[in-house]
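If you read the sequences in order, they're chains A and B.
In this text, residue positions in the first sequence follow the working numbering: the first is 965, and each later residue adds one.
In this text, residue positions in the second sequence follow the working numbering: the first is 72, and each later residue adds one.
Positions of the beta carbon are idealized from the N, C-alpha and C atoms, including for glycine.
The structure presented is a predicted model; accordingly, all values stated were derived computationally and were not measured.
Have a look at the structure below, then the notes.
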Amino acid sequence: MASTTSRGARLAIAAAIGAVIGGAAVAGVALAHDDPMPKNPSPATRAAYVRHENFEKLGKTFKGLNDELRKGSPDVAVVKSSTQTMLSLANSLPTWFPRGSGVEARPMSEAKADIWTDAAGFTAAASALQVQVSKLNQAAASGDIAAVKAQVRPTGGACKGCHDKYRQEKKS
Amino acid sequence: MAAPGGVRARLWDGPVRLFHWLLVGLVAFCWWSSGDHLNWHRWAGYAVIGLVLFRIYWGFAGGGAARFSSFVKGPRATLAYLATLGSRARSETPGHNPLGALSILALLATLVAQVVTGLFAIDIDAFEGGPLSDRVSFELGRQIAEWHELSFRVLQALVVLHLLAIVFYAVWKRTDLIGAMVTGKRRFAVDPALDRAPMWRFVLGAALAAAIAWIASKGFRF
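Okay, structure coming up:
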């Protein structure tokens, strides 16, 4: 009876330890976050880092716009300057991806190789964003807040459309 | 009343079972909707807020095996229970045993972390976000979204452990935990004669939890 007793207990303890180790491993990976630009980066590496900053800026601006639109009476000036910033970023976006600036230039890069192997598809996705952001900017320029509110969803959809196909999530 | 085969006695009350199975459905739905249906994901998240608040309330206001005081034990009782784990005797604990209690507390704490991070999280596209995401910067909202994902991994691990424990009790201890959570009844040597909370407490808790979940969905703005 003693041997069966310890077998059952060992089974349960092994399961518990396994779950704890698994959780800790996931946590460890997720906490290794810092990835500063190396000294004297190659042009491709620099491009990968600058691209990341540009996307951060684009996301930050779009978030600022969405936050503003959620207010009772959005500030038209804030809305206009946000969409202008987004438009100029969206228009320059295709230049942020020089060949060789993917994971080979920065291991943490979330750019998929498909950006370059499927260049036509990627260009189409970037153009789709430009079309939506251009509409967004026009709506803002006319001062029509309702039209801007109606246009943010297709704009977010254009971001997502490209992210789903050409971005890989890095869990770190 | 110690009949030879034992007696089928009431264990889990209706609110606990309703909470459990709604939570199973909602967590599964949240997982599925986290990819492409963040609007539905948000609504399901508000429902989880209500459920978790209700369960915490019910841990104090509910009856019998639902109460935290009935199942949360100190380290000595937990170690003593651990020592009996290998025995093939049927489980006679009327509700969560001291080890299961740790699992329940861990699950509830992880669910709290899950919904709190969800309130502030923002999607990579900077469009879909929790109702409080406008209170944090894009960078912080993204960081919180990563924690949201991390706490979900922890939740998944806890659910796997939960399922393994159910299999362990079914196979090793010949105790059917799933049936008990469906019917509310389980076989015991002697009826533990658990007390039940009055209906009004359930109605009050459900109404309070639903109201707070609704307010959370509005980002605590009026």
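K1099/A sits away from L1053/A, with the two beta carbons spaced by 9 Å or more. A264/B sits in coil when the DSSP states are folded into three classes, being neither helix nor strand. When DSSP states are grouped into helix, strand and coil, K1124/A belongs to the helix group.
Judged by DSSP in its simplified three-state form, V1116/A adopts helix. Sequence-distant Cβ neighbours of I215/B in its own chain, meaning closer than 6 Å and more than five residues away, are T188, F191 and A192. R258/B carries a strand assignment under DSSP once its states are collapsed to helix, strand and coil. Taking the Cα of D1082/A as reference, the smallest distance to any Cα among G1107/A, V1095/A, F1061/A and Q1094/A is reached at F1061/A. Scanning chain B for C-beta atoms nearer than 7 Å to the C-beta of R1034/A yields D205, reported in chain order. Scanning its chain for C-beta atoms nearer than 8 Å, with the 5 sequence neighbours on each side dropped, one finds around P1118/A the residues Q1096 and K1099, in chain order. Comparing C-alpha distances from V87/B to each of H167/B, E199/B, A287/B and H233/B shows the shortest one belongs to H167/B.
Contact annotation for K1027/A against chain B: I193, A197, F198, G200, S204, D205, S208, F209 and G212 [CB-CB distance below 9 Å, chain order].
Contact check between the region 1002-1018 of chain A and the region 1068-1078 of chain A: three or more CB pairs, one atom from each, fall below 8 Å, which counts as touching. Using a Cβ distance threshold of 9 Å, V123/B and F259/B do not count as a contacting pair. C-alpha of V231/B to C-alpha of A1077/A: approximately 35 Å in a straight line. Taking a contact as a CB-CB distance under 8 Å, the pair F100/B and A115/B counts as one, their CB atoms being some 5 Å apart. Per DSSP, R147/B is one residue of the alpha helix (DSSP H) stretching across P146 to T155. Between K1024/A and S204/B, the gap from beta carbon to beta carbon reaches 9 Å or more. Using a 10 angstroms sphere on the CB of E199/B, the tally of other CB atoms reaches 16 or more, which defines it as buried. The straight-line gap separating the alpha-carbon atoms of R1131/A and S1037/A is approximately 35 Å. By the neighbour-count criterion, in which a residue is buried when 16 or more other Cβ atoms sit within 10 angstroms of its Cβ, N1004/A is exposed. In terms of Cβ geometry, W129/B and G255/B do not form a close pair [threshold 9 Å]. Closest option to W102/B, judged by alpha-carbon separation, among D84/B, V186/B, L176/B and P169/B: V186/B. With a cutoff of 9 Å on beta-carbon distance, D84/B and A137/B are scored as near each other. Contact fails between the region 210-224 of chain B and the region 240-253 of chain B, because fewer than three Cβ pairs, one in each stretch, are under 8 Å apart. Annotation: L235/B to V183/B spans about 23 Å, alpha carbon to alpha carbon. The C-beta of E1020/A comes closer than 9 Å to at least one C-beta of chain B.
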